[in-house]
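The next block holds one structure in the form of structure tokens; read it before the comments.
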Amino acid sequence: MKNRYIYILVEVARRELDSRLALALQLVEEGCTIFIGEKNQLLWNMFCGFYPPGVIFDKCAQLAENKYFKRLLKQGFRYTVLDEEGTLTNREYFNFQRFSKRAERDVMANFVSGSELNRYILIDYPKSNNIVSGNPRYSMPVSYTHLTLPTTPYV
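Numbered as in our numbering, the sequence shown ends at 622 without a single skipped number.
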């Protein structure tokens, strides 16, 4: 089986790390190789060619407007997003500040938290590759209560 590389970008660890680690564990169980870390550092290393092409998992589609984004696509990277802030806003703001025609074209999978956000996006971007997936941060307290976490911090 060909190795699948997944790059999970973290922008604000306090807010995102728990859900990203849960996603990473699931993907490792499915045989993927995971790189998880600070967003700008991982992107720089990808851009410089230090990492093999794979799937980038980000928190919003705004990177699609970045001037370096096209180069990452040419290098063979694919881009996916889960916009966790989309549930907190109105359609006009979301569709014109957090999504774009370029994102509609270049985002391989746009994971959305619910059918309402999906409907909002499809009004202005009918060709977007939306997947109604829920939001791991919302479901974590319920879904991961069976995990036993260490009580002492690692140094």
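Glycine included, every Cβ here is placed at the ideal spot set by N, Cα and C.
Residue i lies in the alpha helix (DSSP H); which residues open and close that run?
i                 : result
valine 495        : 480-496
asparagine 585    : 582-591
alanine 531       : Here alanine 531 belongs to no alpha helix (DSSP H), and DSSP marks it neither H nor E.
phenylalanine 578 : Counting along the chain, phenylalanine 578 falls outside any alpha helix (DSSP H), though it belongs to the beta strand (DSSP E) covering 574-579.
phenylalanine 536 : 536-541
Given this structure, state the Cα-to-Cα distance separating residue i from residue j, to the nearest angstrom.
i              : j                 : result
glycine 601    : glycine 581       : 6 Å
threonine 615  : tyrosine 474      : At threonine 615, the pLDDT of 49 sits below 50, so the modelled position is not reliable and the matter cannot be decided from this model.
tryptophan 511 : glutamate 496     : 27 Å
tyrosine 560   : arginine 586      : 14 Å
tyrosine 518   : phenylalanine 544 : 10 Å
proline 620    : valine 477        : With a pLDDT of 47 at proline 620, under the threshold of 50, the modelled position of this residue cannot be trusted, and the question is left open.
leucine 484    : glutamine 508     : 16 Å
With residue i as the anchor, note down where its beta strand (DSSP E) starts and where it stops.
i                 : result
arginine 545      : 545-549
asparagine 597    : 597-599
phenylalanine 524 : 522-525
According to DSSP, which residues form a beta bridge with residue i?
i             : result
glutamate 571 : Bridge partners of glutamate 571: none, in fact.
glutamate 505 : Val477
tyrosine 472  : Thr500
Validate contact between the region 522-529 and the region 545-552 using beta carbons, cut 8 Å, 3 pairs = Yes, the region 522-529 touches the region 545-552.
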